[in-house]
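If you're matching them up, the sequences are chains Y and H in order.
Per the numbering used here, the first sequence starts with residue 1, numbered consecutively.
Per the numbering used here, the second sequence starts with residue 1001, numbered consecutively.
There are 2 protein chains.
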Amino acid sequence: MRRWNGWGDDTIDMPLGAGAQAFLAGRLGQGTRPQDASFEEACARLAPGRLAPHPLVDASPGARLLHALGQSLPDWLRLRHGRIDAAPDGVAYPESAEQVRELLAFAKEQGADVIPYGGGTSVAGHLGVHQTSRPTLSLDMRRMRALVWLDRESQLATFGAGVTGPDLEAQLRAHGYTLGHFPQSFEYSTLGGWIVTRSSGQQSLRYGRIEQLFAGGRVETPGGTLAIPTFPASSAGIDLREMVLGSEGRLGIVTEATVRVSRLPGHEAFHAVFFPDWERALAAVRELAQARLPLSMLRLSNAIETTTMLTLAGHARLVRLLGGWLALRGCGEGKCMLMIGASGAKAQAVPALRAALGIARRYRGVHAGRGLGERWRRNRYRSVYLRNAAWAQGYAIDTVETAVDWPRVTQAMEGIEGAARGALEAMGEKVHAYTHLSHLYPQGASVYSTFVFRLAGNYEADLARWRRLKDSVSTAIVAAGGTISHQHGVGVDHAPWLAAEKGEMGLGAMGALFRHFDPDGRMNPGKLVAP
Amino acid sequence: MRRWNGWGDDTIDMPLGAGAQAFLAGRLGQGTRPQDASFEEACARLAPGRLAPHPLVDASPGARLLHALGQSLPDWLRLRHGRIDAAPDGVAYPESAEQVRELLAFAKEQGADVIPYGGGTSVAGHLGVHQTSRPTLSLDMRRMRALVWLDRESQLATFGAGVTGPDLEAQLRAHGYTLGHFPQSFEYSTLGGWIVTRSSGQQSLRYGRIEQLFAGGRVETPGGTLAIPTFPASSAGIDLREMVLGSEGRLGIVTEATVRVSRLPGHEAFHAVFFPDWERALAAVRELAQARLPLSMLRLSNAIETTTMLTLAGHARLVRLLGGWLALRGCGEGKCMLMIGASGAKAQAVPALRAALGIARRYRGVHAGRGLGERWRRNRYRSVYLRNAAWAQGYAIDTVETAVDWPRVTQAMEGIEGAARGALEAMGEKVHAYTHLSHLYPQGASVYSTFVFRLAGNYEADLARWRRLKDSVSTAIVAAGGTISHQHGVGVDHAPWLAAEKGEMGLGAMGALFRHFDPDGRMNPGKLVAP
């Protein structure tokens, strides 16, 4: 069963080994195992729901609690400490666009806000109740999950927008197709959620971001239905898809989406390459990205992440052997690991990989074969479970990510890590920070940093630590000229930094769109653009 | 010097040979050579300008006339017949964003509309004066043409938005780069124009449409400056670039744009392949597009276009020899020509071309080598001059284009050509119609049809012929599920058909954006979305 106050399925654990525990204790001090609130305690604290009864609305405390929050660290703190101040007053599971329209009408009649709920995996605070002065209705889209239509000729597939990653891929695989959109949250996140948060998958190098995959669809808004037909391309005015992408629920409910699919790749392999240092690794990945080779993934870890990942992997002897082998080949202390994915027709994927390894060699890259790559592939959705394991040992894990043009990549990485390391100094706490470039473009890269710090053991103190850390690293992102998010979206957590990149005119334009589709301002208010 | 009432430079002529003249006369009847009005006559008919004097504004009749219209067929008719009912009251050539702001303030003070003017190549009526009850100021961007900044590391170049295609490429070539955006209008059209009309170049298969090339920039709007920073990608809310792309001057003046450039290709070649019939050709190009080979161009002419192009090319003996050679190889009467471009590093381009020819062979495609491809490359911007030559013989040439998903491609082509052929029947006139697929996508293709019909010799009758033809083919586009434009934009000519794809909610959303940036509605009113 899915955990109510942590990541993923409760039958899956990725416990930290003794080596990993010692590694964290050595860097941050011993953690204190926290006391989590129970589901029943948290339910009991909820104020009664205020919506009138409706046959489609479940107002039970359990349903309301399960839709109250997402997976951001402040959301976790609220869940773990049982401090859920507000939850939606009811949850509906519509099965059709007609029911969505009915529920929007019901919300209007009740003077209620509406929060669209996909997989509940937001790490930016997209799902919390905005203000408790009005009731809130959560629309859980899980029942709208069918493959409605597959056009093999155009390689287009239309799904109910509530379909999750595995469900979508399984329905496509039966016909020999894939969408190829694999964000870290893949196992729970939904097509509709990917669209409204402008999500990016791990293999976007081949398949594209969700912006490139989203071909059209239907959105039920308080003002009416927005139907977006599919065209291969168009110059007919402003692209309506781009009003939906990144709208974070502010203009309506995506009920159905048509996506561009591909034939299942005949060949797929992930290879690891190590570089002696960051400078060489960075130069190599820039050349790789700008060579536009038909690869499916490029993902570069900096030296601290490389060491951390190899340590947390837990096979001390193997890692030692690998380290010795790499050191002999010039990759010692500061070594950085690059993961290269090649997917597609063998006749294209194999030469692309060969060309990539050739470029890597010119920067003293050492090819370590497929073993680590295979391991990465097998565990690609498992590493999130480390959050649970670290929590159990008294540590919090959080991440931020941005994207910058090439000249700013190192500066952004160092700025973010430096800000994180110093953020809790005044509280006498350390932060272990490490980074990878998760997506590479000819223009630049995304910079994805992870932070581990000790829990204080009480809600206020933990939230204060997170707040200070988040403020520091977000300020560092803006200072480095980065976008406040490359793949997670804005929600409430990133909203204070949005003006830096959108400006007043840009924020106002987004507001004008929201008002057009949602004149009463009831769709996910408070998210993305503060009111 | 540039022609004031026709296409291009007045030292360049592409006269129709005897064979071409006979071809058209056989299909449409003999043309009557028209009597064109002179520049002086047209100037003399202009009403006096109504703007107060301003040091940056040229109110001379010559400047006003040269900015009155674009290159759509109704624009041509007005120019050729000397029937320019309305022209801007003054023309300014700003040299900086500051001057643009000053001119917007002047327009406000004068209660004037503002029409941004790039290269004047619009074929959809983007440049005409909307209503004569208010004065109009034309802002000609030609002086803002400098390469402001080149970031080699990120392959980004920032230009003044008024830079034309050749000027932009020359400035980049000096540094070893190319933008790779080559629309048919390349010689005169501008970067800013490409952006606001969502232009597509002939080699977009490699370089992308302008949507993919436009990384950021600055727009001066009546409401203030919209500055869009560059990121490789972002999930931070709605993409502001997408509000500018396709906005057709309705929200402001693009003063500066940053584009994604590439290193000049080491290798480039264009090859011709002939298929025995449309069905095989279509199946082949669909497979080619979906194989995602790193090619730079795929362009398929249907049988009528293939014959028409070979005939108009004028080398009767060569064409006969080619025809005989192809017939022996199974490509007779219904043969269709595919042009394949491969550009880039030789190590990628050559194998891609080889793979493409392999796919073509499976559909009985006959490789005719590089000769025709070279010829196409040399004449890529010359074929537009046929409009002038045909006019001189008493024929009008017009085009429409759309894009549809694969299952609708043939239906769209036949619908458009059929509608065109029947459009002037009631007037006792024939229309020669032919088509190519100009841009191929995994999802579908653009369908680009050309029409030739006889001129009546007077303005009203010619306009009536065009109106009937345009209505018929536009209705056919909508009936086939196509977008009303794949690469030309909307302007006034396509605006009546826009609601079919945007819906009321979509049109309203565009209007809400325009009002936000331009509360008084003075920016290019009447274009794109009718008021």
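Note that beta-carbon positions come from the ideal geometry of N, C-alpha and C, so glycine has one too.
Since this is a predicted model, take the numbers as computed values, not measurements.
Apply the 10 Å Cβ neighbour rule to M1001 (chain H) and answer buried if 16 or more other Cβ atoms are within range, or exposed otherwise.
Indexing the second sequence from 1 puts residue 1001 (chain H) at position 1. Classification for M1001 (chain H): exposed.
Which term fits A174 (chain Y), buried or exposed, when burial requires 16 or more other beta carbons within 10 angstroms of its beta carbon?
Within the first sequence, residue 174 (chain Y) is the residue found at index 174, counting from 1. It is exposed - the Cβ of A174 (chain Y) has fewer than 16 other Cβ atoms within 10 Å.
Which residue marks the beginning of the alpha helix (DSSP H) containing F517 (chain Y), and which one marks its end?
Translated into positions along the first sequence, residue 517 (chain Y) becomes position 517. 499 to 517 is the span of the alpha helix (DSSP H), which, as asked, contains F517 (chain Y).
Since R1218 (chain H) and A1097 (chain H) should fall inside the 8 Å C-beta cutoff, what is the C-beta to C-beta distance between them, to a whole number of angstroms?
Translated into positions along the second sequence, residue 1218 (chain H) becomes position 218. Translated into positions along the second sequence, residue 1097 (chain H) becomes position 97. About 6 Å; that satisfies the 8 Å criterion.
What are the partner residues of E1268 (chain H), as DSSP defines its beta bridges?
Numbered from its first residue, the second sequence carries residue 1268 (chain H) at position 268. According to DSSP, E1268 (chain H) bridges with H:S1343.
Run down chain Y in chain order and give the residues with a C-beta less than 7 Å from the C-beta of Q1155 (chain H).
For this step, residue 1155 (chain H) is matched to residue 155 along the second sequence. Result: Q290, P442, Q443.
Confirm, please, whether the CB-CB distance from R1142 (chain H) to G1180 (chain H) is below 9 Å.
In the second sequence, counting from the first residue as 1, residue 1180 (chain H) sits at position 180. In the second sequence, counting from the first residue as 1, residue 1142 (chain H) sits at position 142. No, they are not a contact pair.
Beta carbon of M337 (chain Y), beta carbon of L386 (chain Y): below 9 Å?
Reading the first sequence from its first residue, position 337 is the one you call residue 337 (chain Y). Reading the first sequence from its first residue, position 386 is the one you call residue 386 (chain Y). Contact: no.
Would you mind working out which of Y:R286, Y:V148, Y:R292, Y:P94 sits nearest Q1348 (chain H), comparing C-alpha positions?
In the second sequence, the residue the question calls residue 1348 (chain H) occupies position 348. If we check each option's Cα against that of Q1348 (chain H), Y:R292 comes out closest.
Determine the direct distance from the alpha carbon of Q1099 (chain H) to that of S189 (chain Y), and round the result to whole angstroms.
Here the question's residue 189 (chain Y) lines up with position 189 in the first sequence. Here the question's residue 1099 (chain H) lines up with position 99 in the second sequence. Roughly 49 Å separates the two Cα atoms.
Indicate whether T230 (chain Y) and P1229 (chain H) have their beta-carbon atoms separated by less than 9 Å.
If you number the first sequence from 1, residue 230 (chain Y) lands on position 230. If you number the second sequence from 1, residue 1229 (chain H) lands on position 229. Going by C-beta atoms, T230 (chain Y) is not nearer than 9 Å to P1229 (chain H).
Please name the residues in the segment 235 to 249 of chain Y whose beta-carbon is closer than 8 Å to at least one beta-carbon of chain H, in chain order.
So the list reads S235, A236, G237, I238, D239, L240, E242, M243, L245, G246, S247, E248, given in the order they occur along the chain.
Helix, strand or coil: how does DSSP classify L1536 (chain H) here?
The displayed coordinates of chain H run from 1001 to 1531. Any statement about residue 1536 (chain H) would go beyond what the structure contains.
With respect to the beta strand (DSSP E) encompassing S472 (chain Y), which residues constitute its N-terminal and C-terminal limits?
Position 472 of the first sequence, counted from the first residue, corresponds to residue 472 (chain Y). Taken as a continuous stretch (DSSP letters only), S472 (chain Y) belongs to no beta strand (DSSP E), being part of the alpha helix (DSSP H) at 459 to 479.
Determine, using beta carbons only, whether D113 (chain Y) and P525 (chain Y) come nearer to each other than 9 Å.
Residue 113 (chain Y) sits at position 113 when you count from the first residue of the first sequence. Residue 525 (chain Y) sits at position 525 when you count from the first residue of the first sequence. In contact: D113 (chain Y) and P525 (chain Y) (Cβ atoms closer than 9 Å).
When DSSP builds the beta bridges, which residues end up paired with S1072 (chain H)?
Against the second sequence, residue 1072 (chain H) aligns to sequence position 72. DSSP, once it has assigned bridges, lists no residue as partnering S1072 (chain H).
Nearest to G70 (chain Y) by alpha carbon, out of Y:W7, Y:A215, Y:W194?
Position 70 of the first sequence, counted from the first residue, corresponds to residue 70 (chain Y). Nearest C-alpha to G70 (chain Y): Y:W7.
In angstroms, rounded to a whole number, what distance separates the CA positions of A59 (chain Y) and L139 (chain Y)?
Within the first sequence, numbered from 1, the residue matching residue 59 (chain Y) stands at position 59. Within the first sequence, numbered from 1, the residue matching residue 139 (chain Y) stands at position 139. When rounded, the distance between both Cα atoms is 12 Å.
By the three-class DSSP mapping on this structure, what secondary structure does M1141 (chain H) have?
Counting from one through the second sequence, the residue named residue 1141 (chain H) turns up at place 141. Reduced to three states, the DSSP call for M1141 (chain H) is coil.
Please classify L328 (chain Y): is it buried, with 16 or more other beta-carbons within 10 angstroms of its beta-carbon, or exposed?
Counting from one through the first sequence, the residue named residue 328 (chain Y) turns up at place 328. Exposed: under 16 other Cβ atoms inside 10 Å.
With DSSP as the reference, identify every bridge partner of I1115 (chain H), one or two as the case may be.
Counting from 1 along the second sequence, the entry for residue 1115 (chain H) is found at position 115. Beta-bridge pairing links I1115 (chain H) to H:S1138.
Within 8 Å, do at least three Cβ pairs link the segment 1364 to 1379 of chain H to the segment 1265 to 1275 of chain H?
Contact holds: three or more Cβ-Cβ distances are below 8 Å.
So which residues of chain H does F517 (chain Y) contact, with C-beta pairs closer than 8 Å?
To locate residue 517 (chain Y), count along the first sequence from 1; it is residue 517. M1505, A1509, listed in chain order.
Grab me the residues of G1457 (chain H)'s own chain with a C-beta within less than 7 Å of its C-beta, minus the 5 sequence neighbours each way, in chain order.
Here the question's residue 1457 (chain H) lines up with position 457 in the second sequence. T1032, P1034.
At 9 Å on the CB atoms, spell out the chain Y contacts of S1200 (chain H), in chain order.
As a first step, residue 1200 (chain H) must be located in the second sequence, where it is residue number 200. Simply A233, S235.
Tell me which same chain residues have a C-beta within less than 7 Å of the C-beta of H1081 (chain H), skipping the five on either side of it?
What you label residue 1081 (chain H) is simply residue 81 of the second sequence in a count that begins at 1. Same-chain partners within the cutoff: A1037, Y1459.
Can you find at least 3 beta carbon pairs, one from the segment 1404 to 1422 of chain H and one from the segment 1261 to 1270 of chain H, that sit closer than 8 Å?
Counting Cβ pairs under 8 Å, fewer than three are found: no touch.
What is the residue span of the alpha helix (DSSP H) that Y1207 (chain H) lies within?
As a position in the second sequence, residue 1207 (chain H) is number 207, starting the count at 1. Its alpha helix (DSSP H) spans residues 1204 to 1207.
Using three-state DSSP, classify I84 (chain Y) as helix, strand or coil.
Here residue 84 (chain Y) refers to the residue found at position 84 of the first sequence. DSSP places I84 (chain Y) in coil when its eight states are reduced to three.
Chain Y partners of G1223 (chain H), CB-CB under 7 Å?
Within the second sequence, numbered from 1, the residue matching residue 1223 (chain H) stands at position 223. Within chain Y, the residues near G1223 (chain H) are M505.
For the candidate residues H:H1516, H:G1506, H:Q1021, whose alpha-carbon lies nearest to that of G508 (chain Y)?
Here residue 508 (chain Y) refers to the residue found at position 508 when the first sequence is read from its first residue. Considering only alpha carbons, the answer is H:H1516.
Below 8 Å, how does it come out for the segment 1434 to 1454 of chain H and the segment 1405 to 1414 of chain H: are there three or more Cβ pairs, yes or no?
Judged by Cβ distances under 8 Å, the segment 1434 to 1454 of chain H makes contact with the segment 1405 to 1414 of chain H, as three or more pairs qualify.
Given L326 (chain Y), which residues of its chain have a CB within under 7 Å of its CB, disregarding the five upstream and five downstream residues?
Position 326 of the first sequence holds residue 326 (chain Y). Within the same chain, L326 (chain Y) has close Cβ partners F274, K335, V366.
Mind listing the chain H neighbours of K502 (chain Y)? Cutoff is C-beta to C-beta under 8 Å, in chain order.
By 1-based counting over the first sequence, the position of residue 502 (chain Y) is 502. By Cβ distance, chain H contributes A1236, G1237, L1240.
One question on the structure: do Q1155 (chain H) and R1263 (chain H) come within less than 9 Å of each other, judged by their Cβ atoms?
Residue numbering aside, residue 1155 (chain H) sits at position 155 when the second sequence is read from its first letter. Residue numbering aside, residue 1263 (chain H) sits at position 263 when the second sequence is read from its first letter. A contact, by the Cβ cut-off of 9 Å.
Measuring CB to CB, does H1439 (chain H) end up less than 9 Å from S1204 (chain H)?
In the second sequence, residue 1439 (chain H) corresponds to position 439, counting from 1. In the second sequence, residue 1204 (chain H) corresponds to position 204, counting from 1. Going by C-beta atoms, H1439 (chain H) is nearer than 9 Å to S1204 (chain H).
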